[in-house]
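Below is one structure, written out as structure tokens, with a few remarks after it.
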């Protein structure tokens, strides 16, 4: 069993997140003992596209990447598109990557990585419609259930969640890369 009891994991999301792509990884890391903080550009609660309501713990404008050990970026087209326009969220992602902290990204969650300009020379997977955007940002795109590149764990869809969760637990336990 992976022990993340000394890890603080950030999750950045907005309304329209893919419900299972937020709830399943959060359950996995919490189950391993991690402390999870839900970060969003807005205070209060956010709602998934299928109705899951999640309490926001911290607004992105107040979030400091130095306070966290790892990051989860769930998908959901609307969620991902809105997040990439939030300067504070983009800066947070840049800071996480600059510090070499592990990140789990699934489905459309990778869109913010293009705006954060952290994909040059990296390899990842995503929902197929992001392939060109990720490649244009300098990444190599692969069609795999889960792919790991120096602490960047990526998956395509909710069908990949078991493999995704297993790999983020491993990478989050390893820590900085």
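Numbering (UniProt numbering), first residue to last: 1 to 177. All C-beta atoms in this analysis are idealised placements derived from N, C-alpha and C, irrespective of residue type, glycine included. Bear in mind that the values here come from a model prediction, so they are computed numbers and not experimental data.
Per-residue DSSP class, three states only, for residue i
i, result
"residue 65", "helix"
"residue 134", "helix"
"residue 171", "helix"
"residue 139", "coil"
"residue 149", "strand"
"residue 123", "strand"
"residue 144", "coil"
Supposed close pair residue i, residue j - CB separation, criterion 8 Å
i, j, result
"residue 157", "residue 107", "6 Å"
"residue 76", "residue 127", "Not really, about 10 Å apart at Cβ, beyond 8 Å."
"residue 53", "residue 88", "The pair is not a contact, with the Cβ atoms about 22 Å apart (cut-off 8 Å)."
"residue 123", "residue 143", "12 Å between Cβ atoms; not a contact."
"residue 48", "residue 4", "That belief does not hold up - the Cβ atoms of residue 48 and residue 4 are roughly 23 Å apart, past 8 Å."
Neighbour-count burial assignment, residue i, 16 or more Cβ in a 10 Å radius
i, result
"residue 170", "exposed"
"residue 28", "buried"
"residue 129", "exposed"
"residue 45", "exposed"
"residue 14", "buried"
Distance between residue j and residue i (C-alpha atoms, nearest Å)
i, j, result
"residue 112", "residue 40", "13 Å"
"residue 172", "residue 146", "15 Å"
"residue 136", "residue 114", "8 Å"
"residue 64", "residue 92", "7 Å"
"residue 16", "residue 84", "13 Å"
"residue 8", "residue 132", "32 Å"
"residue 71", "residue 50", "23 Å"
"residue 24", "residue 161", "7 Å"
"residue 159", "residue 152", "19 Å"
"residue 12", "residue 73", "6 Å"
task: Output the residue ranges of the beta strand (DSSP E) runs that lie fully inside the region 76-109 and measure 3 residues or longer, sorted by chain position.
output: Listed in chain order, they are 103-106.
task: Go through the region 1-44 residue by residue and report every complete run of the beta strand (DSSP E) that reaches 3 residues or more, in order.
output: Segments of the beta strand (DSSP E) lying fully in the region 1-44: 8-12 and 35-40.
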